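There are 2 protein chains.
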Amino acid sequence: MRTERLPTLEDVARVAGVSRATVSRVINGIRNVDPQLHEVVWDAVGRTGYVPNRLARSLVTRRTGTVALVVSDSEMHDDDPFMGRFFADPYFGRVVGGLMSVLRDKGVQLALQIVGTDDQRRRLVGDLRNGQADGAIVLSLPPVDPLPRMLTEGGVPAVLIGRPADPVPIDYVDLANDTGAALAADHLLARGCQRIAMISGPADVPASSDRIAGFRRSLARRGHGWVPTETGNFTRDSGETAMRTLLAGNPFLDGVFAANDLMALGALAALRDAGRSVPTDVAVVGFDDSSAAVAASPALTTIRHPLEDMAAEAARLLLARIEDPAMRVSSVIYEPALITRDSA
Amino acid sequence: MRTERLPTLEDVARVAGVSRATVSRVINGIRNVDPQLHEVVWDAVGRTGYVPNRLARSLVTRRTGTVALVVSDSEMHDDDPFMGRFFADPYFGRVVGGLMSVLRDKGVQLALQIVGTDDQRRRLVGDLRNGQADGAIVLSLPPVDPLPRMLTEGGVPAVLIGRPADPVPIDYVDLANDTGAALAADHLLARGCQRIAMISGPADVPASSDRIAGFRRSLARRGHGWVPTETGNFTRDSGETAMRTLLAGNPFLDGVFAANDLMALGALAALRDAGRSVPTDVAVVGFDDSSAAVAASPALTTIRHPLEDMAAEAARLLLARIEDPAMRVSSVIYEPALITRDSA
DNA sequence: TTGTAAGCGTTATCAC
DNA sequence: GTGATAACGCTTACAA
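Chains H and W, in that order, give the protein sequences.
Letter by letter, the first sequence follows residues 1 to 344 in full-length UniProt numbering.
Letter by letter, the second sequence follows residues 1 to 344 in full-length UniProt numbering.
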């Protein structure tokens with residue numbers, strides 16, 4: 001069975017007693033074809049067990065029915081388990097789920113691509129220009145990433161999830177991160193918190209800096225010009241460490257905003273170790289409303305980040321861009337919402 | 001830039017002043033080639049910005065440098081958010097991370113495929129036989145799935161993660177689920193638990209039935225012939241519901257084993273609501289050692305499921321099988337370990 | 001060692 | 001309507 005040559009269009013044509021071209025027309029549902037033959041051909045297809053070869057088809061149509069999900073990372077060290085953490089985090093899965101929810105119905109496949117070096121990025125863009133995939137959804141992790149620009153300059157249909165760090169004429173979907181952080185600030189204030197701190201993400205990535213800015217701005221407007229801040233890297237452990245440091249320097253703090261749920265989880269652990277009860281002694285607000293938020297105890301009050309919806313929209317945007325490359329460059333910004341649970 | 005035709009082998013050949021065949025040889029590093037030309041050709045490649053077209057190459061070599069990650073689900077209803085949950089769970093991401101850890105280095109790409117109906121399965125096997133990908137890693141979710149057999153009969157190199165429900169001559173990696181559950185049982189017993197219950201997964205999926213069997217067997221050997229059991233579906237919520245039911249029927253229970261961490265999380269919530277303290281009143285053991293285990297509070301005592309390692313091994317196995325289709329069918333079974341934290 | 005030419009399995013442009 | 005036939009961009013005998 002393995003060695004046996006698979007039936008081709010030619011074989012079907014022979015069985016049906018027509019030309020290769022006619023079979024192709026029938027299969028692709030092109031109208032100008034005698035209904036009689038139509039039936040004969042489909043019969044031959046069934047009898048031979050023919051399956052179109054997508055590779056051959058793509059080679060000539062220049063369409064693959066595949067979009068790439070590109071994870072653009074900075075230099076990857078083999079001993080750095082970062083990628084492993086990245087995949088294990090809820091973020092990646094939520095994006096994939098959102099993308100698949102729209103791609104599945106359209107029969108579009110998703111090819112995962114990870115690029116860590118500029119060389120890999122160049123190769124990727126080359127492959128995409130060659131029609132390896134019809135377009136790309138990009139998850140850009142490094143603070144400054146040449147990929148978005150390379151993609152647009154290469155004329156590759158692409159949509160970013162999260163705005164590009166520097167201005168590039170490229171489609172993207174994003175969350176109003178600053179508004180989300182402001183929501184967190186307002187909530188802590190409304191609760192009566194007086195000494196509020198923040199566990200931020202790396203200051204050089206856009207999503208992170210927006211949250212920092214939004215949080216600070218909102219507090220400043222209400223008279224809290226100074227916000228003790230520790231920087232984490234979005235992992236649980238970094239959140240725990242940051243919380244300890246914060247507690248050491250600010251023993252009387254009564255409210256903390258963590259720039260994502262995972263770090264909030266770490267903060268919860270640190271607070272518990274320090275004997276502070278949440279939310280009585282210290283109120284905690286997270287960000288993302290990932291599965292971790294409801295799993296936490298106390299359940300996290302957090303900012304909802306509709307990642308699945310955003311990914312789905314990115315997929316739709318990409319499909320539209322592929323259909324019409326001349327389409328105006330557009331961006332879709334989602335509004336976050338405060339989800340109140342037990343931690344604040 | 002978009003409309004411009006990309007350079008082909010022919011173009012490079014013209015610039016280098018050699019034949020297309022020679023360029024091809026140089027690019028593919030075939031030895032019989034004058035070092036002089038070697039340099040000339042690479043120079044021409046650089047000057048033209050040539051990138052090989054993988055599609056065209058694959059069409060003739062019958063190798064794509066891609067493996068498919070197939071998620072085989074049972075009938076999917078569009079209103080069933082199951083897939084969304086599946087992707088959001090740590091399981092999916094851990095598998096992807098494990099696979100990528102070995103595929104990335106080999107320059108092999110991963111294409112995600114989701115099949116929910118037999119028709120889709122047929123199409124998938126057809127595409128794979130046609131060389132759409134070199135092989136497949138299969139995550140088979142339904143209790144009884146025709147896909148593994150279809151794959152072997154189609155001569156498609158494939159490796160299952162988790163043993164097939166019915167015997168099929170196919171490579172797979174799996175966890176000794178029964179041993180893992182026995183570990184949990186022994187631990188609860190060693191703690192002195194007297195009334196032990198279980199929150200199991202669906203009884204018809206292999207991993208789940210193995211855990212049930214292993215847990216029951218181990219308890220039975222120590223005189224606990226009767227184990228109150230509730231069935232969940234591996235989600236947090238189902239675990240919470242199951243725990244409530246268990247508590248209602250067995251108010252004095254002092255130990256519970258949940259067949260995965262997510263359900264254990266739900267159990268923790270139900271116990272907290274019922275005013276039982278963990279582990280003092282009730283000891284809880286989970287399964288998987290996913291990120292949820294350490295995020296839980298109290299942190300979960302659980303059974304380590306080395307999913308990343310298993311996925312990596314599956315990738316290695318698949319690569320080997322692709323290299324040598326005649327290789328003996330093999331299976332690799334991993335041993336679970338008890339990870340003691342705070343919940344038991 | 002290098003070039004010529006025959007495919008790989010399709011779709012698409014023509015005539016008929 | 002239908003059938004030759006020329007691409008698509010590449011690898012690989014087979015010759016030279």
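For every residue, glycine included, the Cβ atom is placed at its ideal position computed from N, Cα and C.
Nothing here was measured: the structure is a model prediction, and the numbers come from that model.
Pick from A181(H), T231(H), T301(H): whose alpha carbon is nearest that of L219(H)?
Counting from 1 along the first sequence, the entry for residue 219(H) is found at position 219. L219(H) has its Cα closest to that of A181(H), out of A181(H), T231(H), T301(H).
Just checking, does the region 162-172 of chain H make contact with the region 9-18 of chain W on the three C-beta pairs under 8 Å criterion?
In this structure the region 162-172 of chain H does not lie against the region 9-18 of chain W, because fewer than three pairs of beta carbons, one per stretch, are closer than 8 Å.
Between which two residues does the beta strand (DSSP E) harbouring Y50(H) extend?
Taking the first residue of the first sequence as position 1, residue 50(H) is located at position 50. Where Y50(H) is concerned, there is no enclosing beta strand (DSSP E), given that its DSSP letter is neither H nor E.
For E230(H), which three-state DSSP category applies?
The count along the first sequence starts at 1 and reaches residue 230(H) at position 230. It is a strand residue.
With a cut-off of 9 Å, does the C-beta of residue 393(W) fall near any C-beta of chain H?
There is simply no residue 393(W) to check, as chain W begins at 1 and stops at 344 in what is shown.
Whole angstroms is fine: what's the gap from T245(H)'s alpha carbon to V282(W)'s?
Here residue 245(H) corresponds to residue number 245 of the first sequence, with the count starting at 1. Here residue 282(W) corresponds to residue number 282 of the second sequence, with the count starting at 1. Going by the C-alpha atoms only, they are around 34 Å apart.
Inter-residue spacing [alpha-carbon to alpha-carbon] between residue 355(H) and V256(H):
The question about residue 355(H) has no answer here: the residues shown for chain H are numbered 1 through 344.
Note down, in chain order, every chain H residue with its Cβ under 8 Å from the Cβ of D89(W).
Numbered from 1 along the second sequence, position 89 holds the residue referred to as residue 89(W). From the beta-carbon of D89(W), the residues of chain H found nearer than 8 Å are G93, S291.
Under a three-way DSSP split, which group does F257(W) fall into?
Here residue 257(W) is taken as the residue at index 257 of the second sequence, counted from 1. If DSSP states are grouped into helix, strand and coil, F257(W) belongs with the strands.
I want to see whether chain H comes within less than 9 Å of N233(W), judged by CB atoms only; does it?
Start at 1 with the first residue of the second sequence, and residue 233(W) comes out as number 233. Taking CB atoms only, N233(W) has no neighbour in chain H less than 9 Å away.
Quick check on DSSP: helix, strand or coil for Q109(W)?
Taking the second sequence and counting its residues from 1, the one referred to as residue 109(W) is at position 109. In the structure shown, Q109(W) sits in a strand (DSSP, three-state: E or B).
Between the beta-carbon of T302(W) and the beta-carbon of A270(W), is there less than 9 Å?
Position 302 of the second sequence, counting from 1, holds the residue named residue 302(W). Position 270 of the second sequence, counting from 1, holds the residue named residue 270(W). Cβ distance not < 9 Å, so T302(W) and A270(W) don't count as in contact.
Where the alpha helix (DSSP H) through G126(H) begins and ends:
To locate residue 126(H), count along the first sequence from 1; it is residue 126. Unbroken alpha helix (DSSP H) run through G126(H): 118-129.
Which residues bound the beta strand (DSSP E) around G135(H)?
Taking the first sequence and counting its residues from 1, one reaches residue 135(H) at position 135. Taken as a continuous stretch (DSSP letters only), the beta strand (DSSP E) holding G135(H) covers 135-140.
Taking all protein chains shown into account, decide if R5(H) is buried (16 or more other Cβ within 10 angstroms of its Cβ) or exposed.
Your numbering for residue 5(H) matches position 5 in the first sequence. It is exposed - the Cβ of R5(H) has fewer than 16 other Cβ atoms within 10 Å.
Unbroken stretches of the beta strand (DSSP E), 3 residues or longer, contained in the region 232-308 of chain H
Taking 3 residues as the minimum length, the beta strand (DSSP E) runs contained wholly in the region 232-308 of chain H are 255-258, 283-285, 302-304, in order along the chain.
Apart from the five residues on each side of it in sequence, which residues of its chain come closer than 7 Å, Cβ to Cβ, to M1(H)?
Taking the first sequence and counting its residues from 1, one reaches residue 1(H) at position 1. Low confidence applies here, because M1(H) scores a pLDDT of 40, under 50, leaving its location unreliable and the question unanswered by this model.
Here's a check: name, in chain order, each residue in its chain whose Cβ is nearer than 7 Å to the Cβ of D186(H), leaving out the five neighbours to either side.
Translated into the one-based positions of the first sequence, residue 186(H) becomes position 186. Closer than 7 Å at Cβ, skipping near neighbours: S218.
Kindly say whether M100(H), judged by its beta-carbon, lies nearer than 9 Å to any beta-carbon of chain W.
Taking the first sequence and counting its residues from 1, the one referred to as residue 100(H) is at position 100. Yes - at least one Cβ of chain W is within 9 Å of the one on M100(H).
Reduced DSSP category for S208(H) - H, G, I as helix; E, B as strand; rest coil:
What you label residue 208(H) is simply residue 208 of the first sequence in a count that begins at 1. If DSSP states are grouped into helix, strand and coil, S208(H) belongs with the helices.
Element boundaries [alpha helix (DSSP H), containing L151(W)]
Here the question's residue 151(W) lines up with position 151 in the second sequence. Where L151(W) is concerned, the enclosing alpha helix (DSSP H) stretches over 147-153.
Is the number of C-beta pairs between the region 79-98 of chain H and the region 305-316 of chain H that are closer than 8 Å three or more?
Cβ pair count under 8 Å is three or more, so yes.
Would V96(H) count as contacting chain W if we go by Cβ distances under 9 Å?
As a first step, residue 96(H) is located in the first sequence; it is residue number 96 there, counting from the start. Interface residue, yes.
Just tell me which of V102(H), V70(H), M198(H), G214(H) has its CA closest to the CA of R104(W).
Residue mapping note: residue 104(W) aligns to position 104 of the second sequence, counting from 1. Of the candidates V102(H), V70(H), M198(H), G214(H), the one whose C-alpha sits nearest the C-alpha of R104(W) is V70(H).
Residues near S290(H) in its chain [Cβ-Cβ closer than 6 Å; skip 5 each side]
Position 290 of the first sequence, counted from the start, is the residue given in the question as residue 290(H). Here the set comprises P90, D261.
Quick check: is the beta carbon of Q194(W) nearer than 9 Å to any beta carbon in chain H?
Here residue 194(W) refers to the residue found at position 194 when the second sequence is read from its first residue. Under the 9 Å criterion on CB atoms, Q194(W) is classed as non-interfacial with respect to chain H.
For a quick check, are the C-beta atoms of G131(W) and T64(W) less than 9 Å apart?
Walking along the second sequence from the start, residue 131(W) turns up at place 131. Walking along the second sequence from the start, residue 64(W) turns up at place 64. Closer than 9 Å, so yes.
Helix, strand or coil for M1(W)? Go by DSSP, reduced to three states.
On the second sequence, residue 1(W) is found 1 positions in, with the first residue counted as 1. Any reading at M1(W) needs caution, since the residue's pLDDT is 40, under 50, leaving its predicted position unreliable; the model's value is listed next. Correct three-state label for M1(W): coil.
Show which residues of chain W have a CB atom less than 9 Å away from the CB atom of G126(H).
If you number the first sequence from 1, residue 126(H) lands on position 126. The contacting residues are L6, G49, Y50, V51, P52.
Neighbour list for N130(W) in chain H, Cβ cutoff strictly below 9 Å
Within the second sequence, the letter at position 130 stands for residue 130(W). Residues of chain H passing the Cβ test: L6, V51, P52, N53, R54, L55, A56.
Extract the residue ranges of the alpha helix (DSSP H) inside the UniProt domain "HTH lacI-type" (7-61) of chain W, only unbroken runs of 4 or more that lie entirely within it.
Along the length of the UniProt domain "HTH lacI-type" (7-61) of chain W, whole alpha helix (DSSP H) runs at least 4 residues long occupy 9-16, 20-27, 35-48, 54-61, reported in chain order.
From E323(H) to P202(H), what distance separates their C-alpha atoms?
The residue labelled residue 323(H) in the question sits at position 323 within the first sequence. The residue labelled residue 202(H) in the question sits at position 202 within the first sequence. Answer to the nearest angstrom: the Cα atoms are 37 Å apart.
Per DSSP, which residues does S200(W) bridge with? Please list them.
Locating residue 200(W) in the second sequence gives position 200, where the first residue counts as 1. T231(W), per the DSSP bridge assignment.
Does the region 31-45 of chain W come into contact with the region 104-123 of chain W, if we say contact requires no fewer than three beta-carbon pairs (one atom in each stretch) closer than 8 Å?
No: fewer than three Cβ pairs fall under 8 Å.
Identify whether D166(W) lies in helix, strand or coil by the three-state DSSP scheme.
In the second sequence, counting from the first residue as 1, residue 166(W) sits at position 166. In this structure, DSSP gives D166(W) a state outside helix and strand, which the three-state scheme calls coil.
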